[in-house]
Structure formats: C-alpha cells, structure tokens
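Participant: In my numbering, the protein residues as written are 16 to 208. Built from N, CA and C at the ideal position, the CB exists for glycine as well.
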Amino acid sequence: MNVRLVVLAWILAIPAAVVAAETYHKTPEATDYKCLFNHDYVPSQQRPAMTEGLKRITDVEFLKTVSNDYAVYPGFGTFPAGNEKTLRIIIPDDTSAVKFDRAVMRVETKQDCSDLQIDVSLNGTRLKPCEHEGTELFLPVAQNESYPTAERLKFYAVPLDLLVPGRITIHIKNVDREKRSVNLFSMELGLYR
C-alpha cells in the first residue's frame with residue numbers, strides 16, 4: 016500500500032501565521048483536528064486511490080507505519096520569498112525512536128534554478144544536494160500543469176539525526192544571486208519508511 020500523509024507544518028517565523036500546508040494527519044500529540052481540504056480537488060475518478068489512507072486516518076498504529084510529508088507552500092506569510100529565507104517549523108517525529116529509512120527536502124523556485132547553487136541548512140548544518148527521481152517527493156494522485164518542472168526544483172538529503180522533535184530552523188539561500196535572482200516558492204520535507 017502506498018499511502019502518503021501530508022503533515023501540517025506550523026510556522027514560527029511570523030507569530031500570527033497559523034499554517035502553511037494542506038493537512039491529512041498530525042500526530043495526536045501535535046493536533047486535535049484533521050483537514051481534508053484538497054480531497055475535493057482530486058478528480059472524482061481518482062479519489063478511490065485516497066480511500067485506504069482516509070479509512071485509517073485516526074488509527075495511530077497505522078499512522079506510525081507510513082511516510083510523512085511536511086510542506087510549506089505560498090500564501091501563509093513565508094513563501095514566496097526572495098533569494099534567501101529562514102523559516103522555522105515544528106516536526107513532532109522523533110527519528111531516534113520512530114524508524115524512518117531516509118529523509119529528503121525539496122525546494123521549489125518560481126523560475127528556472129537549474130544552473131544556480133542554492134544552499135539549504137537545517138539547524139545550522141548544510142544539507143547536501145541529492146538526486147531524486149521525478150519532481151514530487153511522493154507520487155501524486157492527480158497531476159496537472161501547475162506542478163513544477165525539474166528546472167525549478169532542488170533536492171537535498173537530510174540526515175535523520177538532524178530531525179529532532181520540536182522546532183526546526185531551515186535556511187535557504189541562492190548563493191548565485193549575483194548571477195541571477197530567483198523567488199523561493201515552497202519547501203517540502205519527506206520522511207520515508
């Protein structure tokens with residue numbers, strides 16, 4: 016079964032900002048609600064693919080076995096941003112106690128960034144770029160022309176020991192801003208099991 020649960024990422028950079036992602040699940044310790052906002056935007060003939068995850072969305076033991084996707088999208092005070100952005104999110108997962116195989120961060124820009132060096136650090140540690148198959152961290156149920164192309168994306172390997180429960184500080188910087196400016200558009204962090 017290939018189930019992806021998108022997790023709400025709380026923004027700490029702006030006190031009034033509430034959320035910055037679609038939400039399918041958070042751990043019971045971190046929230047008391049679930050939002051299925053984007054379920055209606057999936058074409059009706061493709062909704063059955065989402066059914067298995069939705070049937071078990073309140074099953075904590077099941078949720079402990081699936082991958083997580085922390086996403087910060089435009090419209091909540093963080094993105095879009097210029098050539099550099101620092102953001103803080105809360106991640107409840109304890110990667111020393113809960114088994115994950117790997118973690119990957121995806122940074123999306125509004126313009127082509129394929130020839131630019133974009134540095135990303137997590138809690139002060141610089142992340143290394145990595146190869147990633149496709150443009151999405153998880154296979155989407157439906158995809159259209161609004162999804163980013165590979166030229167607008169950078170992927171980074173995230174060492175699991177850097178992901179401690181609580182506040183995570185992420186710093187994204189276009190090192191080649193003198194060469195060409197870009198607008199940072201979104202950030203996703205996928206934790207795979």
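What is the DSSP secondary structure of VAL122, counted as helix, strand or coil?
Facilitator: strand
Participant: Who does ILE72 pair with in a DSSP beta bridge?
Facilitator: Per DSSP, none; premise fails for ILE72.
Participant: Confirm, please, whether the CB-CB distance from PRO107 to PRO174 is below 8 Å.
Facilitator: no
Participant: Starting from the C-beta of LEU152, find all residues in its chain whose C-beta is less than 7 Å away, skip the five residues before and the five after it, and write them out in chain order.
Facilitator: The answer, listed in chain order, is ASP84, VAL119, ARG121, GLU203, GLY205.
Participant: Tell me, please, whether the stretch 123-136 touches the stretch 176-190 by the rule of three or more beta-carbon pairs shorter than 8 Å.
Facilitator: Counting Cβ pairs under 8 Å, three or more are found: they touch.
Participant: Secondary structure at PRO163, three-state DSSP: helix, strand or coil?
Facilitator: Here PRO163 sits in coil by DSSP.
Participant: Report yes or no: do three or more beta-carbon pairs, one from the stretch 82-99 and one from the stretch 194-201, lie closer than 8 Å?
Facilitator: Yes, they touch.
Participant: Is SER59 buried or exposed, if buried means 16 or more other CB atoms sit within 10 Å of its CB?
Facilitator: exposed
Participant: Here's the rule I'm using: 16 or more other beta-carbon atoms within 10 Å means buried, otherwise exposed. How should VAL75 be labelled?
Facilitator: exposed
Participant: So the candidates are LEU142, LYS194, ALA64, LYS100; which of them puts its Cα closest to the Cα of CYS128?
Facilitator: Checking every option, the nearest Cα to that of CYS128 belongs to LYS194.
Participant: I'd like to check one pair, ILE183 with ARG103: are the Cβ atoms closer than 8 Å?
Facilitator: Yes.
Participant: Give the DSSP bridge partners of ALA94, in chain order.
Facilitator: Checking the displayed sequence, the identity of residue 94 turns out to be Phe instead of Ala. Note: PHE94 sits in a beta bridge opposite PRO89.
Participant: My assumption, with CB atoms under 8 Å, is that VAL156 sits in contact with ALA64. Please give the rounded CB distance.
Facilitator: 5 Å
Participant: Measure the alpha-carbon distance for PHE141 versus LYS70 and round it to whole angstroms.
Facilitator: Here residue 141 is Arg; the residue named in the question, Phe, does not match the sequence. C-alpha separation (whole angstroms): 39 Å.
Participant: Round the Cβ separation of TYR207 and PHE115 to the nearest angstrom and send it over; I've been treating them as touching at under 8 Å.
Facilitator: 6 Å
Participant: Are the CB atoms of GLN132 and ARG167 within a distance shorter than 8 Å?
Facilitator: no
Participant: Quick check on this structure: which residue in THR80, ALA112, GLU123 has the alpha carbon closest to the alpha carbon of TYR162?
Facilitator: Closest by alpha carbon: GLU123.
Participant: At what residues does the beta strand (DSSP E) containing LYS169 begin and finish?
Facilitator: 168-172
Participant: Which same chain residues end up closer than 8 Å to THR150 when comparing Cβ atoms and leaving out the 5 residues on each side of it in sequence?
Facilitator: Excluding positions up to five away in sequence, the list reads TYR162, PRO163, THR164, ALA165, LEU168.
Participant: By the DSSP assignment, the beta strand (DSSP E) with GLY205 in it spans what residues?
Facilitator: 199-207
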